[in-house]
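S.K.: Sharing a structure with you now.
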Amino acid sequence: MANPNSAVAIAVDNDATAEAQSPEERRQALRMVEALLFAAAEPLAADDLAGRLPSGADVTGILRELQAVYADRGVNLTQVAGKWSLRTASDLSFLLSRDAVEQKRLSRAAMETLAIISYHQPVTRAEIEEIRGVATSKGTLDLLLETGWIRMRGRRKTPGRPVTYGTTDGFLSHFGLDGIGDLPGLDELKGAGLLDSRIPTDFSIPEPHDGDDLTEDEDPLEDEEILDAGADDLVAEEAAERQAD
Numbered sequence: 001m002a003n004p005n006s007a008v009a010i011a012v013d014n015d016a017t018a019e020a021q022s023p024e025e026r027r028q029a030l031r032m033v034e035a036l037l038f039a040a041a042e043p044l045a046a047d048d049l050a051g052r053l054p055s056g057a058d059v060t061g062i063l064r065e066l067q068a069v070y071a072d073r074g075v076n077l078t079q080v081a082g083k084w085s086l087r088t089a090s091d092l093s094f095l096l097s098r099d100a101v102e103q104k105r106l107s108r109a110a111m112e113t114l115a116i117i118s119y120h121q122p123v124t125r126a127e128i129e130e131i132r133g134v135a136t137s138k139g140t141l142d143l144l145l146e147t148g149w150i151r152m153r154g155r156r157k158t159p160g161r162p163v164t165y166g167t168t169d170g171f172l173s174h175f176g177l178d179g180i181g182d183l184p185g186l187d188e189l190k191g192a193g194l195l196d197s198r199i200p201t202d203f204s205i206p207e208p209h210d211g212d213d214l215t216e217d218e219d220p221l222e223d224e225e226i227l228d229a230g231a232d233d234l235v236a237e238e239a240a241e242r243q244a245d
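Going letter by letter, the sequence shown gives residues 1 to 245 in the UniProt record's numbering.
In structure tokens form, the structure reads like this:
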């Protein structure tokens, strides 16, 4: 059980830190955070920012303040995958469509596979096929791996030790999600017309495992497997798993 006195002490310490900063020091810290975010090629974590600011800077407070400042501007401060970045406001993205790099359109099979991995991760290829009701081709997983949206997580502790798949920070960044928990739920999917309104009353959306830590039924991949394992090898392994079932 948490010690309430510890919580009070932390709160008092935070207040003392905030009070120790003069208005000018806070203004300078805010400008520094703004400059770092503007120049960064990739989203930055709060800890990364704190390491480059004067001791005692209220990084969390500064980020929230900047987020409010940029809320109605052409550029917004957004938190994606637990990190912060300045991005074009979503309602103005059409202005950049001419400069956008055209991406290969995903097939329906790839979109279905990506959705299953997103909501059911960690998941094996055989489990993906069971949910879809059809076979999943090698090319589909290859394409999703090449996009950087999915990754090989580990190996299931079952006969054949099939590879498990999950999403990446690149997936979160592309779809503007701070975490897997931000995936749309049942009501949101219904509202967007992505689910039939006549679905069974006991229908539920699975809760995916959020995080890089392996689950109890997963073993880690060996370094050699990560570097050397080809898609053909993985497909062969999981074909053996299906035959065993």
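Even for Gly, the Cβ is constructed at its ideal location relative to N, Cα and C.
Say whether the region 177-190 touches the region 128-146, bearing in mind that this needs 3 or more beta-carbon pairs closer than 8 angstroms, one atom from each stretch.
M.R.: The region 177-190, when compared against the region 128-146, does not touch it at the 8 angstroms Cβ threshold.
S.K.: Between the Cα of P122 and those of K83, T168, L106 and L77, spot the shortest distance and give me the residue it belongs to.
M.R.: Within the sequence shown, residue 122 is the residue found at index 122, counting from 1. Of the listed residues, the one whose Cα sits closest to P122 is T168.
S.K.: List the endpoints of the continuous alpha helix (DSSP H) containing K138.
M.R.: Locating residue 138 in the sequence shown gives position 138, counting from the first residue. Per DSSP, K138 belongs to the alpha helix (DSSP H) from K138 to T147.
S.K.: Can you give me the Cβ contacts of S204 inside the same chain, cut-off strictly under 8 angstroms, excluding the 5 residues immediately before and after it?
M.R.: If you number the sequence shown from 1, residue 204 lands on position 204. So the list reads L186, once near-sequence residues are dropped.
S.K.: Relative to the C-alpha of G176, which candidate in R153, W149, R155 and I117 has its C-alpha closest?
M.R.: Start at 1 with the first residue of the sequence shown, and residue 176 comes out as number 176. Answer by Cα proximity: W149.
S.K.: Relative to the C-alpha of D74, which candidate in S90, R26, K157 and L63 has its C-alpha closest?
M.R.: Your numbering for residue 74 matches position 74 in the sequence shown. Note that residue 74 is Gly in the sequence shown here, rather than Asp. When each option's Cα is compared against that of G74, the closest is S90.
S.K.: Count the other CB atoms, across all protein chains shown, that sit within 10 Å of the CB of S107; report buried if there are 16 or more and exposed otherwise.
M.R.: Along the sequence shown, one-based indexing puts residue 107 at 107. Result: exposed.
S.K.: For L63, count neighbouring Cβ atoms within 10 angstroms of its own Cβ and tell me buried if that reaches 16, exposed if not.
M.R.: By one-based count along the sequence shown, residue 63 stands at place 63. By the neighbour-count rule (16 or more Cβ atoms within 10 Å), L63 is buried.
S.K.: Within 10 angstroms of the Cβ of A39, are there 16 or more other Cβ atoms? Answer buried if so, exposed if not.
M.R.: In the sequence shown, residue 39 corresponds to position 39, counting from 1. Exposed, because fewer than 16 other Cβ atoms sit within 10 Å of the Cβ of A39.
S.K.: Can you list, in chain order, the residues of its chain with a C-beta nearer than 8 angstroms to that of V101? Leave out the 5 residues immediately preceding and following it.
M.R.: Within the sequence shown, the letter at position 101 stands for residue 101. Here V101 scores only 49 on pLDDT, less than 50, and its place in the model is too uncertain to base an answer on.
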